[in-house]
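What follows is one structure encoded as structure tokens, with my remarks underneath.
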Amino acid sequence: MSKRIQRVNELIKRELSQILLRDVEFPRDILVTVTRVETSPDLRESRVYVSTMPAIKSREILKVLNQLIYGIQQEINKRLKMRPIPKIIFIREEKVKEAARIEEILEKLKKKEK
348 MSKRIQRVNE LIKRELSQIL LRDVEFPRDI LVTVTRVETS PDLRESRVYV STMPAIKSRE
408 ILKVLNQLIY GIQQEINKRL KMRPIPKIIF IREEKVKEAA RIEEILEKLK KKEK
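Under our numbering, the first residue of the sequence shown carries the number 348, and numbering increases by one thereafter.
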């Protein structure tokens, strides 16, 4: 991955996180986090991975984000000083769930060793 793509990923992640924090009203007691961004080499689209706590609310949150995508995309277009600006695509983050499962297994192994 080129340095430019890495910088674009970080920039989009930072700006989207701020937009979601300030401008999007999520239901109470739900934490939404932008975990990573993967931008295509031609800068046409950015896949934005979103994690939610509790995890069962992830479909609901993705539905909300996809309903608001037009406004979110417009805000990104205003904030970024680059061309072209990638099209934002929200995706549910699965790696967080996998990492939690690995942590759980490691904890069980530690307890067995004692």
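Idealized CB from N, CA, C, for every residue including glycine.
DSSP lists 400 as the beta-bridge partner residues of residue 378. Counting only the Cα atoms, residue 350 lies some 34 Å from residue 407.
Looking only at 354, 352, 401 and 412, the smallest Cα-Cα distance to residue 375 is reached by 401. Taking 8 Å as the upper bound for CB-CB distance, residue 432 and residue 423 are in contact here, some 6 Å apart. In this structure, the CA atom of residue 458 is about 28 Å from the CA atom of residue 403.
Using a Cβ distance threshold of 8 Å, residue 427 and residue 385 do not count as a contacting pair. DSSP places residue 410 inside the alpha helix (DSSP H), whose first and last residues are 405-414. With contacts defined by Cβ atoms closer than 8 Å, residue 355 and residue 390 form a contacting pair.
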